[in-house]
Amino acid sequence: MILEFFSATDVGRARDNNEDSVALDEAAGLAVLADGMGGYNAGEVASQMLTGFVNSELGRWLKDAGREARAGEVKRAMDICVDNANRAIFNAANTNPKYAGMGTTLVLGVFRPEGLLLGHVGDSRGYRLRAGRLMQITRDHSLLQEQIDAGLLTVEEAAFSSNKNLVTRAVGVEDTVLMEMHLHEVQPGDTYLLCSDGLSDMLDDDSIANLLNGNPALPEAAHALINAANDNGGRDNIALILARAEGRQRTEGRGWWPFGRRGGKDSPA
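When the letters of the sequence shown are read in order and numbered with the working numbering, they come out as residues 3 to 271.
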C-alpha cells in the first residue's frame, strides 16, 4: 500500500505568532503534530522542540528497525521518544524563566504493515475518512471531554462552552507524561487527518468531511480546510497533516513495501 502525505500550518486570523508545529518523515511513515502553550513565545518553543525531537529520534529508529519491527516494539519506541522529549521540555521550562509553564499537545502517527499506530496527548485530534464517512479516532484529553463523558454537558452544549481549551494532559508540564495510543487498521482509500484545535474548533465534523470529499487532491484539501477555518473566525493557529492510503500494492525487495515518496509540506499565508 502506498501512502501520500501533505502538511500545512497557518497563523490564523487572531494570532501574531504560530505555536503549532508539524513534522513528516515519509520514508519512516511518521507524522508529528503539536500545538504549543505558554507565555511569550514559549508555546512555539515547546511545540518545535517536540516535533523536532520526535521526528529526528523516532524517524531514525524506525528506518534502522525496518519493516521487521513488531508493533509492540514500535509502540515502546514511541513511548520512550515522547518521554525523552517530555523531559527535555519540562527541564527547559524549569531552568529558563521565559519558558516557565510551557507545554504542548501531541498527535503522533506511525504507519506500519499492521496499521496506523496513533498516539496523542491533549486535544489535538486524529480523524479517519473512509468511504466518504468521517470518524474521530482520538478522544480529547480535556476538561470539556470529561464533562461530556460524565453527562454534565451534551456535545451540542460543549460547542459553546468557555472551557474549550482546558487540557488535562500535555507534554512538558510535568516530569512524566502518559500518551494514549491505539492501533488502527488501514484500508486502501483511507484518508487520515491530524489537526490542532485551531481547525477542529472552527469546523464541525460534517464540514471537515465535505471538504475532504470535495477536494480529492491532498494539497487542495489542506488549503480548503485552512481557508474554511479562517473564514469561520480563525481564532487560533491551524496545523494539519493529511495521509492517504492508496489502493495499490507493490513488492520491492521482500515483504510489504509501505511508503511512497510523494506529498509535501506547505505553509500558506
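Cβ atoms here follow ideal geometry from the backbone N, Cα and C, with glycine treated the same way.
Helix, strand or coil at G54 [DSSP, three-state]: Position 52 of the sequence shown, counted from the first residue, corresponds to residue 54. Note: G54 maps to helix in three-state DSSP.
CB contact flag (V123, S144, <8 Å): Start at 1 with the first residue of the sequence shown, and residue 123 comes out as number 121. Start at 1 with the first residue of the sequence shown, and residue 144 comes out as number 142. No.
Length at least 4, wholly inside the segment 25–89: the alpha helix (DSSP H) runs in chain order: Counting only runs of 4 or more, we get 44–67.
Touch test, the segment 200–210 against the segment 219–226, Cβ-Cβ under 8 Å, three pairs minimum: Contact between the segment 200–210 and the segment 219–226 is absent: fewer than three C-beta pairs spanning the two stretches fall below 8 Å.
Minimum length 4: unbroken alpha helix (DSSP H) runs contained in the segment 121–156: Here the runs fully enclosed are 145–151.
Straight-line Cα distance separating G105 from F8: For this step, residue 8 is matched to residue 6 along the sequence shown. For this step, residue 105 is matched to residue 103 along the sequence shown. One C-alpha to the other measures close to 25 Å.
Host beta strand (DSSP E) of D12 (start-end): As a working note, residue 12 is residue 10 in the sequence shown. That run of the beta strand (DSSP E) goes 4–12.
Test item: CB-CB of R132 and D177 under 8 Å: As a working mapping, residue 132 is identified with position 130 in the sequence shown. As a working mapping, residue 177 is identified with position 175 in the sequence shown. No.
Residue closest to L120, alpha-carbon to alpha-carbon, out of M181, L214, G235, T97: For the purposes of this step, residue 120 is identified with residue 118 of the sequence shown, where counting begins at 1. If we check each option's Cα against that of L120, M181 comes out closest.
Cβ neighbours of P270 in the same chain (closer than 7 Å, five flanking residues each side left out): Within the sequence shown, residue 270 is the residue found at index 268, counting from 1. Because the pLDDT at P270 is just 38, under 50, the model does not fix this residue reliably, and the point stays unresolved.
Burial state of T107 (16 or more Cβ within 10 Å): What you label residue 107 is simply residue 105 of the sequence shown in a count that begins at 1. Flag for T107 reads buried.
N-terminal and C-terminal residue of the beta strand (DSSP E) that A226 is part of: What you label residue 226 is simply residue 224 of the sequence shown in a count that begins at 1. Here A226 belongs to no beta strand (DSSP E); instead the alpha helix (DSSP H) covers 220–233.
DSSP three-state assignment for A241, whether helix, strand or coil: The count along the sequence shown starts at 1 and reaches residue 241 at position 239. Per DSSP, reduced to three states, the secondary structure at A241 is strand.
Cβ distance (whole Å) where I2 is taken to contact G14 below 8 Å: Any question about residue 2 goes unanswered here, given that the chain covers just 3 to 271.
Exposure of A29, with buried meaning 16 or more beta-carbon neighbours within 10 Å: Within the sequence shown, numbered from 1, the residue matching residue 29 stands at position 27. It counts as exposed.
N97 (DSSP reduced to helix, strand or coil): For this step, residue 97 is matched to residue 95 along the sequence shown. Sequence check: residue 97 is Thr here, not Asn. It is helical.
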